[in-house]
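Asker: Under the UniProt record's numbering, the sequence shown has 46 at position 46, and the numbering climbs by one with no breaks. C-beta: ideal position from N, C-alpha, C; glycine also.
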Amino acid sequence: MYPLSNKGNLMVMEFESTHVVITTVLLLLVDIDIADNILVCLIIKRNLQTRITINYLPVNLAFSNILFATFITPKVIVSLNLRK
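(1) Is the beta carbon of residue 69 closer than 8 Å to that of residue 30?
(2) When DSSP labels each residue in this structure, what does residue 1 get in the three-state scheme?
(3) When we look at the beta-carbon of residue 54 and count the other beta-carbons within 10 Å, is it buried (16 or more) or exposed?
(4) If you draw a straight line from the alpha carbon of residue 37 to that of residue 16, how long is it in whole angstroms?
(5) If we ignore side chains and look at the alpha-carbon of each, how far apart do residue 56 and residue 32 end up?
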């Protein structure tokens, strides 16, 4: 799958394990990011005292962050794993 270097299979295994760790960390961060931003939206939606004009900005930022984590970050993860 990956080209072998002069050091043999050890380099290939190290390269693949690095990708596994990076992918796992990024996926964990995406999950945390989506959950936290959903909580922000729900808190502002459920409490009548927080439904003021100035709080539209954090909801908008949380929603755009959810979209970024959903659509852009998986492309980054795939491109990192496909790079040789």
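Answerer: In short, the structure shows the following:
(1) For residue 30 and residue 69, yes; Cβs fall inside 8 Å.
(2) For residue 1, the predicted model reports a pLDDT of 49, less than 50, meaning its position is unreliable and no value from the coordinates is stated.
(3) Classification for residue 54: exposed.
(4) Approximately 32 Å between the Cα atoms of the pair.
(5) When rounded, the distance between both Cα atoms is 22 Å.
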